[in-house]
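Number of protein chains: 2
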Amino acid sequence: MARARTSSGKVRLTEVAKLAGVSPITASRFFRNPEALSPGKRERVENAARQLGYVPDLAARALASRRTEVIGVLIPSFTNNVFSDVLRGIYDGSGESRYSIQLVNTHYSILQEEKLLQLFKAQRPAGLVVTGINQTDESRAILESMNCPIVQIMELGPDPVDMMVGFSHNAAAFEVISHLISLNFKRIGFLGARMDPRVQRRLEGYTDAMKRASLYDPRLIIATPVPTSVTMGGTLFADLLMKAPDIDAVFCVNDDLALGTLFECQRRQIQVPEDVAIVGFNDLEYMASAVPPLTSVRTNRYDMGKTAITMVMDAIEGRRPATSVIDLGYELMIRRSSAARRA
Amino acid sequence: MARARTSSGKVRLTEVAKLAGVSPITASRFFRNPEALSPGKRERVENAARQLGYVPDLAARALASRRTEVIGVLIPSFTNNVFSDVLRGIYDGSGESRYSIQLVNTHYSILQEEKLLQLFKAQRPAGLVVTGINQTDESRAILESMNCPIVQIMELGPDPVDMMVGFSHNAAAFEVISHLISLNFKRIGFLGARMDPRVQRRLEGYTDAMKRASLYDPRLIIATPVPTSVTMGGTLFADLLMKAPDIDAVFCVNDDLALGTLFECQRRQIQVPEDVAIVGFNDLEYMASAVPPLTSVRTNRYDMGKTAITMVMDAIEGRRPATSVIDLGYELMIRRSSAARRA
DNA sequence: CAATGCAGTGGTAGCGCTGTCAATAATCAT
DNA sequence: ATGATTATTGACAGCGCTACCACTGCATTG
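Chains as they are written, first to last, in the numbering used here: chain D, 1 to 343; chain U, 1001 to 1343.
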């Protein structure tokens, strides 16, 4: 039809406008705010666009409008199951929208994060999702100078840059320990790896609860900066047994460590929960089908991602949420691995 | 210093050029191909850019050059551990480059994939990474019309669209079953969930090996389209026991199913491997620390991602690989769960 | 020594779209 | 009926960058 004359045969807005018998600017409006057109023209443009198979050129749009439809997402790790759920929420939430996700990995480094924020700033994203609340001062300054909606996810804190979706890791850990104490466990160990800010807060919750019950003993705590894994769970639990052979329960900062601990117990013929109770964190799917089923803290990771991205998209379009800080909570999933202690 | 006059205070190429005392086009060249400048000007532009904190506007560049520096990546699932490793490889591989990754989720739907490819086509990506080789004819046509390097990952097949990085799922499964048969296992069950193309190929490998040894029996096969999970592993294994109570081994198409099977065995006091041997697939980290350690097929997921993205980036820049199809292989990790059968 | 090549540089002209503002048509209150 | 307001539309002028081609000056060739 020799209509599209660009090298690639790409259909431009002008062609659509011509076919619809309107000016290019009107056609342009159709794609951004159809309500603004009279019904007649709206339909004509719609038909023309469909007929020509028109797809807007995002680069041209970004250049002309001086903004992009990209939402930046900073995540500290791809390995972690936790973040894969968050990501799924983010991608599902943004799937049908006009926004596209630009994902980057900070590798748990706040300096890397700062560098990536700098890069993002130059690209003028429409919105941003960042993990955690422990940004450097520099990062914080960049975030505040960035004229777009921002959601911090995974945890809550006193002064959000803008919006926040998370839950209290501290309170969750406190509740875990309180639960164990109420069942008469006394020598409750703590197993932590990676020790990122969220894990630190779980340690705080543990410490608070133990101190309050006068059960605190630093020998009960194993915390290593090495990455977490099931195997590491077994290793750390073995360390703990060495330091404190009289433990009667273990709180693992994540489910992989808990599973590793369970395997180590099986290897050593330690009965769970009769000899040692085990509690994990995140409630990954496998926790319920382990033998015995493992107690854990259910966190709403998928919802966190979905809520965060929805808040950002809404805010970009001027629909600010009523409350800018959302606590998604957690739920203690009590299973046999922390069943009542024999008297 | 009132130099940047754009509303946002953004520094433009023109400013850099002015400060460096060169024409804008020369400054532009500096960022794309510094070799083309004389050393003197190169340094002057470099200094000017640093001094002004210049960052190129990607939208303007994309519009003017009619190409982007975006590499599209189509993945069928974010939940799956397998893909999180692949993604990590992709992001690590592209991290320091000028390319950015545009990730989309096909949710294991080839129609969704087709739609997403259409979208990508309109954005003229610099390269593309797609999962698998089972595209629709439409998708295939789009891919072929797309004038950019493309890598298909996860498996190998006879006619690559362009490049390929993967391994033979069929051969891997065949080797698993041959291994079990060599240990005198005879009633070897198959547990499959999701049944995506890769899993189908593992079933083919299983079937081939069983038939060749005259051990094939359709009652030994459990295959369901529902998503995979540890819990589902237990459920499917229970089904299998119902259909074929005399099984002496199980090949699970992934490690989650294998772990679920192990748990189900523990629940039913079935000894592994004395009563039933278990083999998984992918060799996730936890397989080695389970009790007993679980046999699995190690696949090079991280390398697959990293290799794929490197091939795409190289090809974009004209460095075509010597061979366009790369077989990353696999390795049978034999552990106690498939130890030799008592005679 | 003219013809040729080539590295290095700059001028011109957009890439495809949208912000701004003005113009017009349609609707309303008085 | 009148001016005022609102809905709808279009003209213009770029957004910041690069493709394309032309030009310069110097080295190489026979």
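We put the beta carbon where it would ideally sit given N, CA and C, even for glycine.
For D:Ser84, the residues of chain U that pass the 7 Å Cβ criterion are Phe1078, Thr1079 and Ser1084, in the order they occur in the chain. By the C-beta density criterion, D:Met210 is buried, having at least 16 other C-beta atoms within 10 angstroms.
Scanning the region 1131-1205 of chain U for uninterrupted beta strand (DSSP E) segments of 3 residues or longer gives 1150-1155, 1163-1167 and 1188-1193, listed from N- to C-terminal end. D:Arg124 and D:Met146 have their C-alpha atoms roughly 8 Å apart. Residue pairing by DSSP places D:Asn254 opposite no residue, since no beta bridge is assigned to it.
Sixteen is the threshold: since fewer than 16 other Cβ atoms of the shown chains lie within 10 Å of the Cβ of U:Val1226, the residue is exposed. Secondary structure note for U:Gln1102: it is in no alpha helix (DSSP H), and the uninterrupted beta strand (DSSP E) holding it is Ser1100 to Asn1105. Residues of the region 1263-1291 of chain U with a C-beta less than 7 Å from any C-beta of chain D: Phe1263, Gln1266, Arg1267, Glu1285, Tyr1286, Ala1288, Ser1289, Ala1290 and Val1291, listed in chain order. The C-alpha of U:Arg1301 is placed about 19 Å away from the C-alpha of U:Val1279.
Secondary structure at U:Arg1298: strand, using DSSP grouped into helix, strand and coil. Excluding sequence positions up to five before and after D:Leu203, its CB lies within less than 7 Å of the CB of Phe190, Gly192 and Ala223, all in the same chain and listed in chain order. Annotation for D:Ser23: Ala17 place their beta carbon closer than 7 Å to its own, counting only its chain and skipping 5 residues before and after. U:Ile1142 counts as buried, since at least 16 other C-beta atoms from the protein chains shown sit within 10 angstroms of its C-beta. Taking 9 Å as the CB threshold, U:Asn1184 stays off the interface with chain D.
Between U:Gln1135 and U:Gln1051, the alpha-carbon positions lie close to 49 Å from each other. For U:Leu1332, there is no enclosing alpha helix (DSSP H); the residue is part of the beta strand (DSSP E) that begins and ends at Tyr1330 to Met1333.
Taking the Cα positions, U:Glu1114 is about 19 Å away from U:Val1070. Chain-order list of chain U residues neighbouring D:Gln123: Leu1058, by C-beta distance under 7 Å. The Cβ-Cβ distance between D:Leu103 and D:Ile133 does not fall below 9 Å. Within the region 45-69 of chain D, Val55, Leu58, Ala59, Ala60, Ala62, Leu63 and Thr68 place their CB atoms closer than 7 Å to a CB of chain U, listed in sequence order. With respect to D:Ala126, D:Pro149 sits close: the two C-beta atoms are nearer than 9 Å.
Around U:Leu1087, the beta-carbon contacts reaching into chain D at under 7 Å are Phe78. Exclusion of the five residues before and after D:Lys186 leaves Leu215 as the residues of its chain whose Cβ lies within less than 6 Å of its Cβ. For the pair D:Met242 and D:Ser296, the CB atoms are not nearer than the 9 Å cut-off. Your pair D:Gly166 and D:Leu328 checks out as a contact, with CB atoms roughly 7 Å apart and the cut at 8 Å. Here D:Val11 has Ala4, Leu52, Gly53 and Tyr54 as same chain residues with Cβ atoms under 7 Å from its own Cβ, once five neighbours each way along the sequence are excluded.
Within chain U, no residue has its CB atom less than 8 Å from the CB of D:Leu191, the nearest being about 14 Å off.
Neighbours of D:Thr307 in chain U, taken as residues whose beta carbon is under 9 Å from its own, are absent, since the nearest beta carbon is some 17 Å off.
DSSP, reduced to helix, strand and coil, places U:Asn1047 within a helical segment of the structure shown.
At a beta-carbon threshold of 8 Å, the residues of chain U lying near D:Ser100 are Gln1102, ordered along the chain. Boundaries of the alpha helix (DSSP H) harbouring D:Leu58: Leu58 to Ser65, taken from the DSSP string.
Chain U has no Cβ within less than 9 Å of the Cβ of D:Asn33. The region 254-266 of chain D makes no contact with the region 1225-1239 of chain U; the number of CB pairs closer than 8 Å stays below 3. Put simply, the backbone Cα of U:Glu1264 is about 41 Å away from that of U:Ser1139. D:Tyr206 is outside the set of residues whose beta carbon lies under 9 Å from a beta carbon in chain U.
The bridge partners DSSP lists for D:Ile247 come to none.
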